[in-house]
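Data first, discussion second: the structure below is written as structure tokens.
Chains as they are written, first to last, in the working numbering: chain C, 838 to 952; chain R, 10 to 122.
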């Protein structure tokens, strides 16, 4: 498995502000992802964080709203910019391990409430 | 378009009995399936997986069955324990393309005493 930590674990933010969420993995991984789980819904992939290049965003998500950094193979950040109450969600970092079998592991999540 | 569906949003099972969680998918290109368990305020935890070349995979109390012709998989937990109470997500992936999981909407399992 993989040990993944996220900071902060939760936050309450005001509308119009931005929050940066950090994800740290205990070992180098090629693929890191950022997901969102809105209340009562499934996990939705926001983007794939690519090391050394721009993140790959899924349909409905843009870099201006969710800028992502991936400076090395063990760390990534997701910023939620210009927040609105609709951004209230759990944000999850995830990594892919392909040994012994391809499996994706998740961090504990960051619970965000935007007022 | 919901490619992975978990049609039962919730399930209640008595302790010691079998829990059966179902998942259906529409994309025939999916060739690897995973189940995750999620407790409140925690991230999803990987539980068990199955490749499309198999029809059954067992790990302790957890068994996953895959019926490719029906595009259906199920997770069996036996015997169910109160600690199994959580939300269970089914996920699928086409390993031949970019590794991107598609999740179902989850089933909340409640194991009662």
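Think of the CB as a built atom: it goes at the ideal place given N, C-alpha and C, for glycine as much as any other residue.
Beta-carbon of residue 67/R versus every beta-carbon of chain C: anything under 8 Å? The residue given as residue 67/R occupies position 58 in the second chain. Residue contact check for residue 67/R against chain C: no CB pair falls below 8 Å.
Please list, in chain order, the residues of the stretch 900–921 of chain C that have any C-beta partner in chain R closer than 7 Å. Within the stretch 900–921 of chain C, no residue has a Cβ that lies closer than 7 Å to any Cβ of chain R.
As an exercise, report each continuous beta strand (DSSP E) stretch of at least 3 residues that is fully enclosed by the stretch 839–863 of chain C, in chain order. You should have 841–844, 847–850 and 856–862.
Given that residue 845/C touches chain R, what residues does it touch there, using C-beta distances under 7 Å? Residue 845/C sits at position 8 when you count from the first residue of the first chain. None at all; the shortest Cβ gap to chain R is about 13 Å.
Would you mind working out which of 934/C, 933/C, 880/C and 925/C sits nearest residue 855/C, comparing C-alpha positions? As a position in the first chain, residue 855/C is number 18, starting the count at 1. Cα-wise, what sits closest to residue 855/C is 925/C.
Assigned secondary structure, residue 908/C (DSSP; H/G/I helix, E/B strand, else coil): Locating residue 908/C in the first chain gives position 71, counting from the first residue. Three-state DSSP puts residue 908/C in a strand.
Could you check whether the Cβ of residue 876/C sits closer than 8 Å to any Cβ belonging to chain R? Along the first chain, read from residue 1 onward, the residue named residue 876/C stands at position 39. With 8 Å as the cut-off, residue 876/C does not count as an interface residue toward chain R.
Do the CB positions of residue 951/C and residue 850/C come within less than 8 Å of each other? Here residue 951/C refers to the residue found at position 114 when the first chain is read from its first residue. Here residue 850/C refers to the residue found at position 13 when the first chain is read from its first residue. In this structure, residue 850/C lies closer than 8 Å to residue 951/C by Cβ.
Taking the beta strand (DSSP E) that residue 67/R belongs to, which residues open and close that run? Mapped onto the second chain, residue 67/R falls at position 58. For residue 67/R, the uninterrupted beta strand (DSSP E) segment begins and ends at 65–68.
Note down, in chain order, every chain R residue with its Cβ under 9 Å from the Cβ of residue 852/C. Stepping through the first chain from its first residue, residue 852/C is reached at position 15. The contacting residues do not exist; residue 852/C stays about 24 Å from chain R at best.
Could you tell me the boundaries of the beta strand (DSSP E) in which residue 193/R lies? Residue 193/R lies beyond the residue range present for chain R, which begins at 10 and ends at 122; the question has no answer from this structure.
Counting C-beta neighbours from all protein chains within 10 Å, is the total for residue 30/R 16 or more, i.e. buried, or is it exposed? Indexing the second chain from 1 puts residue 30/R at position 21. With 16 or more Cβ atoms within 10 Å of its Cβ, residue 30/R is classed as buried.
Can you pull the DSSP bridge partners for residue 26/R? As a position in the second chain, residue 26/R is number 17, starting the count at 1. Bridge partners of residue 26/R according to DSSP: none are assigned.
What's the gap between the Cα of residue 893/C and the Cα of residue 903/C? As a first step, residue 893/C must be located in the first chain, where it is residue number 56. As a first step, residue 903/C must be located in the first chain, where it is residue number 66. As the crow flies, the alpha-carbon of residue 893/C is around 11 Å from that of residue 903/C.
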